[in-house]
Amino acid sequence: MGNIFRREEYARGDFVLALVEGDLEKVQELIQYATQEETKYGLHVAARRGHLELVRFYSELCDAGVTVIGTWQDSALSEAATSGQVAVVQYLAERCQANLNVSKALVEAASRGHVDVVQYLAERCGADVNAKDDFERTALVWAAHRGDMRLARYLVEQCAVNVSANALIEGASSSNLNVVQYFVKQCGVDVNMEDEHGQTAVMVAITNREIDVVRYLVEECSADVNSTAVRFAANRGYIDIQRILTPFLLPEAGDTTTDGGDVVLSPDISSRSSIPPSEMELTLFHENGSIGGDFLAKWLDADVAVKLFIPDASSTSFEDEVRLWQQLRHPNVLKMYGACDAGPRLKFFVCEYASNGSLLEHVNSSSVKKRTMWKYLYEAALGLEFLHERGIVHAELRCSNILIGSDGKAKLTNFQESTIT
């Protein structure tokens, strides 16, 4: 009895080997020893490896009821399409097209870059070229992901597939600049269109640090650059991307709103606090904000610091922060000269330039005398007393938020998390 079991076990091993090698005669001889799972596996192997005669053999067995492998046609088609076995795909399509999910197979073929299979299924089987797989990806999205220009061109030019935001974003996130350029130049897509999550191609390219894609979208395609994008790059230490974005953060000189004037703040905020974008020039991004803001800038001819307003990082509105800062006039509180609303995606504060850095830098410097350090701490306490007298609690008090101005005085800054009692 043991010898019989061993013989059957060896036979099953030979059966699997025959499947891999495409040996039809051997498979026919040994299939009687195969389990149901091994038989099903055999169909998958035959389709995946392009063993057309074996696929024919299996289909005849299924038709005759000798063996039953569920929805064998779809599983075989899926294996063949994923592996680019166009002859097997053609056989299955011609023999059992009515029972096949050809659209699913098309997306699977696209995911592996098998253009000939995609073409056959689209043109001969009527597969839906806009179908999605379980990951909500279409054939064009897969082409963008792979950087497959041949497939992308076929789908767009021969199948009239529209370039979606998802396809553009996939190309941008996958470092496939050639696909992005094709979508923009040849297909005329809007580089600022958003996907269902509100993401744009430039934001995704920044996230993935795709420098060449960011440069192309911003410098050649005029993709929108906003304060969130700059801050996002800054938080991740992407200095190279910050340098690309900075010159495009402000509107071009002469840009206006729809009513012909500069964007201004809400009517309930003093007009003296409103600074037109045309008067500002951002010159240098400052990574740690120790100058009083995110950028060293020029306001007309004066050196100033520009602090970006990031809605997602603030618990109050832009107008509320302007109103709060307007009240604070004290030699030990960083002065806000005004605020600039350059559109829905860019708002910032124009502040005093603290040319001597933050207290944190001085604490770590051996050249600063103890007497000077006590002076700075005393001045910071005076600024804090001033805030408390007005019912304002500074919720982010630390050395990096105490700056040293050009007048040599310590000044409190960063009131985003402050509360009024």
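Under the numbering used here, the first residue of the sequence shown carries the number 29, and numbering increases by one thereafter.
Glycine included, each C-beta is placed from N, C-alpha and C at the ideal position.
Check                                                                                                               : Outcome
Length of the line joining the Cα atoms of residue 113 and residue 42                                               : 24 Å
Where residue 309 sits in the DSSP three-state scheme                                                               : strand
Limits of the unbroken alpha helix (DSSP H) element including residue 267                                           : 267-273
Sequence-distant residues of the same chain with beta carbon closer than 6 Å to residue 45, five excluded per side  : none
First through last residue of the alpha helix (DSSP H) which encompasses residue 119                                : 114-124
Buried versus exposed call for residue 339 [16 or more other C-beta atoms within 10 Å across all chains shown]      : exposed
Bridge partner(s) assigned by DSSP for residue 323                                                                  : 313, 334
Per DSSP, cross-strand counterpart(s) of residue 377                                                                : 335, 367
Extent of the continuous beta strand (DSSP E) run through residue 439                                               : 438-440
8 Å Cβ shell around residue 128 - same chain, five flanking residues per side excluded                              : 101, 102, 105, 120, 121, 153
Three-state secondary structure (DSSP) of residue 303                                                               : coil
Alpha-carbon spacing of residue 64 relative to residue 70, whole angstroms                                          : 10 Å
Beta-carbon proximity check, residue 207 vs residue 199, cutoff 8 Å                                                 : yes
contact_flag[the stretch 160-173, the stretch 135-150] where n(CB pairs < 8 Å) is 3 or more                         : yes
Option in 433, 160, 386, 402 with minimal Cα separation from residue 425                                            : 386
When 176, 51, 137, 163 are compared against residue 157, the one with the closest alpha-carbon                      : 137
Among 176, 123, 163, 124, the one whose alpha carbon lies nearest that of residue 146                               : 176
Residue 331 versus 344, 348, 312, 337, residue with shortest Cα-Cα distance                                         : 312
Endpoints, alpha helix (DSSP H) assigned at residue 18                                                              : What is shown of the chain runs 29 to 449, which leaves residue 18 out entirely.
Residue 431 - DSSP class collapsed to helix/strand/coil                                                             : strand
Pairwise C-alpha distance: residue 201 and residue 232                                                              : 6 Å
Unbroken alpha helix (DSSP H) run spanning residue 211, endpoints                                                   : 205-213
Run of the alpha helix (DSSP H) containing residue 391, from where it starts to where it stops                      : 387-391
Coarse secondary structure for residue 361, derived from DSSP in three states                                       : strand
Residue 301 beta carbon less than 8 Å from that of residue 374                                                      : no
Residue 391 burial status per 10 Å Cβ neighbour count (16 or more: buried)                                          : exposed
Residue range of the unbroken alpha helix (DSSP H) whose run includes residue 346                                   : 346-354
Cα-Cα separation between residue 365 and residue 404, rounded to whole angstroms                                    : 23 Å
Unbroken alpha helix (DSSP H) run spanning residue 173, endpoints                                                   : 167-174
Assigned exposure category for residue 284 - 16 Cβ within 10 Å defines buried                                       : Low per-residue confidence applies at residue 284: pLDDT is 41, beneath 50, and the placement is therefore not dependable, though the value from the model is reported in the following sentence. So residue 284 counts as exposed.
Identified DSSP bridge partners for residue 59                                                                      : BP columns for residue 59 are empty, so no partner.
Beta-carbon proximity list for residue 161, same chain, < 6 Å, skipping 5 on both sides                             : 135
Residue 212 classed as buried or exposed, judged by whether at least 16 other C-beta atoms fall within 10 angstroms : buried
Simplified DSSP state of residue 145, which is helix, strand or coil                                                : helix
Residue 350 beta carbon less than 8 Å from that of residue 325                                                      : no
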